[in-house]
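J.: First, the structure itself, so that you have it in front of you.
Number of protein chains: 2
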Amino acid sequence: MEGRSEEWFETKEMDIRSMPSSRHASLPYRVGVPPKQNFWTEFSSTVKETFFSDDPLHSFKDQSRSRKFVLGVQAVFPILEWGKRYNLTKFKGDLIAGLTIASLCIPQDIGYSKLANLSPQYGLYSSFVPPLVYALMGSSRDIAIGPVAVVSLLLGTLLQNEIDPIKHPFEYRRLAFTATFFAGITQATLGILRLGFLIDFLSHAAVVGFMGGAAITIALQQLKGFLGIKNFTKKTDIISVMQSIFSSASHGWNWPTIVIAAAFLVFLLVAKYIGKKKKKLFWVPAIAPLVSVVLSTYFVYITHAEKKGVQIVKHIEKGINPPSVSEIYFTGDYLLKGVKIGLVAGIIALTEAVAIGRTFAGMKDYQIDGNKEMVALGAMNIAGSMTSCYVATGSFSRSAVNYMAGCQTAISNIVMSVVVFLTLQFFTPLFEYTPNAILSSIIISAVIGLIDYDAAVLIWKIDKFDFIACMGAFFGVVFASVEIGLLIAVSISFAKLLLQVTRPRTAILGKIPRTNVYRNIQQYPEASKVPGVVIVRVDSAIYFSNSNYIKERILRWLTAEEEQLTAAGLPKIQFLIIEMSPVTDIDTSGIHAVEELLRSLQKRDVELVLANPGPVVMDKVHASNLASLIGEEKIFLTVADAIQTCSPKFAEVV
Amino acid sequence: MEGRSEEWFETKEMDIRSMPSSRHASLPYRVGVPPKQNFWTEFSSTVKETFFSDDPLHSFKDQSRSRKFVLGVQAVFPILEWGKRYNLTKFKGDLIAGLTIASLCIPQDIGYSKLANLSPQYGLYSSFVPPLVYALMGSSRDIAIGPVAVVSLLLGTLLQNEIDPIKHPFEYRRLAFTATFFAGITQATLGILRLGFLIDFLSHAAVVGFMGGAAITIALQQLKGFLGIKNFTKKTDIISVMQSIFSSASHGWNWPTIVIAAAFLVFLLVAKYIGKKKKKLFWVPAIAPLVSVVLSTYFVYITHAEKKGVQIVKHIEKGINPPSVSEIYFTGDYLLKGVKIGLVAGIIALTEAVAIGRTFAGMKDYQIDGNKEMVALGAMNIAGSMTSCYVATGSFSRSAVNYMAGCQTAISNIVMSVVVFLTLQFFTPLFEYTPNAILSSIIISAVIGLIDYDAAVLIWKIDKFDFIACMGAFFGVVFASVEIGLLIAVSISFAKLLLQVTRPRTAILGKIPRTNVYRNIQQYPEASKVPGVVIVRVDSAIYFSNSNYIKERILRWLTAEEEQLTAAGLPKIQFLIIEMSPVTDIDTSGIHAVEELLRSLQKRDVELVLANPGPVVMDKVHASNLASLIGEEKIFLTVADAIQTCSPKFAEVV
């Protein structure tokens, strides 16, 4: 086959050589100039691609008016759509899954509300109302809604920067509801304005680093309960926490607490390990926390260990969520602070929920509309803020349990919600003797799963820059604070995007032997350069941010080539071909840069040739008169075509 | 020729048809996997491309140690290098150019210092020290250094937001020097850290809009002097200014002032027109301002028009720049404010100077190192801040005059500086009777040139998004303030860059008749789709910000194609080929997205095929194990190769 291909090309080149000299008249193919687009068509298509890229109105097309109304209501409340097909088999799955995640969420909720510096019942409240709202409006079938560790920590840190939760518990709680309200508003607004893509700016790598750092920070915070320390730092960085721990080592550690905590932590980790080894035993780690709570509570109750310094939960308010609309700050200084905190917490909560939704939708192969999902999450948090809940979102660990327990629809969230309701109504007094240490152990064993070591290794393998973002976020959270970590993650992510459009790659192309294909000579070392011609490929749109760089980089390639040729005593460069395939767009600065390049080349007696400019570039090259400056006949469909004109002799050589 | 090419391809396709079925074993060409790069090599090459893309140490290579030292000193003080070749012919050119720009700068300086709310001598001071420093350190041969309108206005606006220049002139001046000092520090730091490329983020379009808006604002401000109004608004937006003018129309306008101002404005504009029509008469508009000043001063002196309400300059401090090091705020509240103002003013001043430097260097075809230039400008402003100067930079209008007057080197700046020195020492009392109205006319006629109407039209033609940035900056400056305009310009510019990496273009490709080339069917409507195959080209690196979009967009293309096929009763799609030529990079999120795409396609019984992944992508596809998931044999060098495997029958059709 390879032998044959050589033959073809030889035949082809022979034909070219035997052609009349006026090759320009019979170019193989003209570069297409797309029909001039109306400004509004262009503008509206950009808007559509940006905000409606998923074509959300596709199902509404060609429907009757009443049908459109029904579809519209169903779009807001998907339960009306899938509810019609709901049956007993599905309910069986949902019931088991719902009971499992309920047993997991109750101890977690009590622990997480401590991270947010709130009383234990607020965690339970947040597992009652939000899951109900989500079940009506959400479209993920596998997500488990409720308070989560990272958002609780973030909210707690941001809130205590403003108000001391111990000195002013009432104002603190009001600000928490305010932040929750605006977190919901932020989420719903992003969804309604179809700006959901903004959360994509938090890169996967940054999220991995941030979550890992947050897990470490949360685990460190739990050492307070785990070791029974009373005076603990309020800072979350590892250095302050370690100082706090070691300074209290001689007198502040409570040994009975440590024994209980360590014993149950071992139990929880063993349960986790069993669940990991045998997928069928997923329920072991799922119910282990509740079992620990029951056992340890009973143990403290009979031994009265609380008199030996083992701290206990003491009191959880009985009864379901009291209304809290009137507690939200709608005026005053705290309004703005609530908005800011809500914005940050809302976006982080979104990131987590959307990632979960996408992951499980991918596994079961159904579609999730990110923007609709955000509206559902926003509505749920707005409703939550009015019923004494703090920011709820999808929990990684509980969603995984939900999935493995065989949930079918969001009904499993309703089941969980009912169990939490019963707990709030009847069982809260039972938690009186629950030791705080057990909650710490439960949280530690839960957050360990957030440290995704494998993902970090994969990131290192694939993309070093991503790894820097990941580590920046991780160390930022661990050594400074969650906000700083977040800021580092976002900044590095943005820097990466901007670097791409500031310093795009360029490559010298050569002809691949026995083909008509020109490729990067770094990737294909066997590709041969064409004598007298430099072929440069520019790997990015040419925009103001890179136009000067690209111009100078191309001239630098040319200078380097010329120096080599002069050193070797070879003839000088006559043509510079720019392969424009990857140049998807060019703006005014880009056009100017190409003009300047053209002038510099003319002074050096080098002709500029373009190969394969795309539709947008062709349009602008014509609009700006650059086409006539370069010469229409010097714009080719492919590099091969350009070479046939610039260096017909090269064909004979190969 | 076209007939023949058909023949070739038929022969070629015949060969393929007659080939054994095990085509995979004899692929035309394997996609190259670049050799694995060491992390540090990769990292250092990225750093080099980012910060040292212009290879500034090229001339230092292979030099002796003492030679390197000499080159190093020459790099900081280019005058040592070009000074050796300086001769009388060059000096003749510089002398004439220097005298011309001096005559232009003296009246402008006095006017511009008013824009900065400073006494007239500070403008002159800023045309004495900075040009001298620049002449030693700068590498542009054509730039004319001194105060400029836009920076003066910007500085004046920002400073008076902090301190009232009339009530607290001393503190105001101190803050001005502080801002100048930190403007210099900013400029020098950007240069030393080789972050000069950051100013490229102010797009050409945004600068055009900003300059135009600033010109209008400055011209409007001049109506105070032009109409002889005493109580004038401090705001710079057009609405406040217009209200201020019309409310004082009945009693506040001074008619003798208006007559003088209008008469000389006409004179200046006529001079400008003459200069534009006949390039040889460039000196007419250049000396017209000084002539106006002399004539109008003499006129006021003999008629004593100042007694009829014509405001005059009154007093300009005699003598050269007093030292001002001790006046710079190095502590206290004003330090931070000075840093902020200096940062903004410094960057705007840089943008102007670098644009001028590049323009004239391009015209005379010499190289300018942007980063070295920034160090020179920074050093000049630091020196200036210690000698009672405010922020100086390159002036568009004076640089153009300098160029046309035949300047050869930066010596013309020294000549100008000497003239300003003589003026400060001996001639300032002569300006006592100079009417303010004349200065207003001079400024109006100078800033009119900043409104680049043609550039705006060109921007509209080439790129609508750029035009929005341009107009945003323009109207922001005119209707709000210079800061708001600047903020709008920068935000829109960034939004554009981010949009590109968030919503990249994708295109469906088809085979161009009688070739082996596959191109966008929108650009080439005659290109034909391959039955059973969808070929999608992705026009951007696949990063976290767009990976989800790209995945969903490709699936949407597929769905749309399948719907069409089903409607037409044609066989379904079997292969999805992604043309990866423009995909210059992929990160972890991108790899995940491709994996998810692969899974979705497998569920639809569609095979994923990649064409022409670049070196970086191949590297990562291998590092992440994606290569084996897709199958090495489904990665091709070109779309044509892929089609030969996927749809060999298609060859017969064409």
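Chains Z and V are the protein sequences, given in the same order. Count the first sequence with the numbering used here and you get residues 1 to 654, in order. Count the second sequence with the numbering used here and you get residues 1 to 654, in order. From the three backbone atoms N, C-alpha and C, an ideal C-beta is built for every residue, glycine too. Remember, it's a predicted structure, so these values are computed and weren't measured experimentally.
1) Which residues does DSSP list as the beta-bridge partners of Ile312(Z)?
2) Decide yes or no for the touch test of the region 439 to 450 of chain Z against the region 168 to 181 of chain Z: beta carbon pairs closer than 8 angstroms, at least 3 of them.
3) With 16 other CB atoms within 10 Å as the buried threshold, where does Asp539(Z) fall?
4) Does the distance from the C-beta atom of Ser282(V) to that of Gly275(V) stay below 9 angstroms?
5) Taking the beta carbon of Tyr524(Z) as the centre, do at least 16 other beta carbons fall within 10 Å, making it buried, or is it exposed?
6) If we call anything under 9 angstroms between Cβ atoms a contact, is Gly394(Z) one with Ser203(Z)?
7) Given a cut-off of 9 angstroms, decide if Met137(V) and Ala361(V) are closer than it, judged by their beta-carbon atoms.
8) DSSP puts Val534(V) in a beta bridge; with which residues?
9) State the Cα-Cα distance for the pair Lys48(V) and Met363(V), rounded to the nearest angstrom.
10) Just list the residues that DSSP pairs Thr638(V) with in beta bridges.
11) Does the beta carbon of Glu552(V) come closer than 9 angstroms to any beta carbon on chain Z?
12) So with CB distances below 8 angstroms, who are the chain Z contacts of Tyr549(V)?
13) Taking C-beta pairs closer than 8 angstroms, name the residues in chain V that Arg141(Z) reaches, listed in chain order.
14) If you reduce the DSSP assignment to three classes, tell me which class Leu509(Z) lands in.
15) For the region 293 to 306 of chain V against the region 463 to 482 of chain V, do three or more pairs of beta-carbon atoms, one drawn from each stretch, fall closer than 8 angstroms, so that the two count as touching?
16) Just confirm the distance between the C-beta atoms of Ala135(V) and Ile79(V), as a whole number of angstroms; I'd bet it's less than 8 angstroms.
17) Using the beta-carbon of each residue, which ones in chain V are nearer than 8 angstroms to Tyr543(Z)?
18) Taking Gly362(V) as the query, report the chain Z residues whose CB atoms sit under 9 angstroms from its CB, ordered along the chain.
19) Counting only C-beta atoms, is Val533(V) closer than 9 angstroms to chain Z at any point?
20) Taking 9 angstroms as the threshold (beta carbon to beta carbon), is Asn371(V) in contact with chain Z?
21) Three-state secondary structure (DSSP) at Tyr518(Z)?
22) Should the region 427 to 441 of chain Z be called in touch with the region 601 to 611 of chain V, which here means at least 3 C-beta pairs below 8 angstroms?
23) Going by C-alpha to C-alpha distance, which of Leu158(Z), Leu195(Z), Ser481(Z), Arg85(Z) sits closest to Ile238(Z)?
24) Please confirm whether Phe431(Z) has its beta-carbon closer than 9 angstroms to some beta-carbon of chain V.
25) Does the structure place the region 180 to 189 of chain V close enough to the region 515 to 533 of chain Z that three or more beta carbon pairs sit under 8 angstroms?
26) Taking all protein chains shown into account, decide if Ser21(V) is buried (16 or more other Cβ within 10 angstroms of its Cβ) or exposed.
27) Going along chain V in order, which residues have a C-beta closer than 8 angstroms to the C-beta of Phe43(Z)?
28) Would you list the one or two residues that DSSP bridges to Val609(V)?
29) Within 9 angstroms of any Cβ in chain Z, is that where the Cβ of Met618(V) sits?
30) Could you name the residues of the same chain whose beta carbon sits closer than 6 angstroms to that of Thr178(V), not counting the 5 residues immediately before and after it, in chain order?
31) Taking only beta carbons into account, state which residues of the region 253 to 272 of chain V come closer than 8 angstroms to chain Z, listed in chain order.
32) Less than 9 angstroms between CB atoms is the rule here; does Gln63(V) satisfy it with respect to chain Z?
33) Does the region 422 to 433 of chain V come close enough to the region 310 to 318 of chain V to have 3 or more Cβ pairs within less than 8 angstroms?
34) In chain order, what residues of the same chain lie with their CB nearer than 6 angstroms to the CB of Cys646(V), ignoring the 5 residues before and after it?
35) Taking CB distances under 9 angstroms as the criterion, tell me whether Glu49(V) reaches chain Z.
36) Can you name, in chain order, every residue of its own chain whose Cβ lies under 6 angstroms from the Cβ of Leu498(V), other than the five neighbours on each side?
T.: On the basis of the supplied data:
1) Pro435(Z)
2) no
3) buried
4) The question names Ser, yet the displayed sequence has Phe at residue 282(V). Cβ distance < 9 angstroms, so Phe282(V) and Gly275(V) count as in contact.
5) buried
6) No, these two residues do not count as a Cβ contact at 9 angstroms.
7) no
8) Leu576(V)
9) Going from the Cα of Lys48(V) to the Cα of Met363(V) covers about 28 angstroms.
10) None, per the DSSP bridge assignment.
11) yes
12) Ser53, Phe197, Asp200
13) Those do not exist, as Arg141(Z) stays about 17 angstroms from chain V at its closest Cβ, beyond 8 angstroms.
14) strand
15) no
16) 7 angstroms
17) Ser203, Lys496, Leu497, Gln500
18) Glu596, Arg599, Ser600
19) no
20) no
21) Of the three classes helix, strand and coil, the one that applies to Tyr518(Z) here is strand, per DSSP.
22) no
23) Ser481(Z)
24) no
25) no
26) Any reading at Ser21(V) must be qualified, since the residue scores a pLDDT of 39, below 50, and its modelled position is unreliable; the value itself is stated next. With fewer than 16 Cβ atoms within 10 Å of its Cβ, Ser21(V) is classed as exposed.
27) Lys464
28) Note: Val609(V) is bridge-paired with Ile577(V) in the DSSP secondary-structure output.
29) yes
30) Ile328, Tyr329, Gly338
31) none
32) For Gln63(V), the answer is no, since every Cβ of chain Z falls outside 9 angstroms of its Cβ.
33) yes
34) Val533, Phe575
35) Yes, Glu49(V) lies at the interface with chain Z (some Cβ there is under 9 angstroms from its Cβ).
36) none
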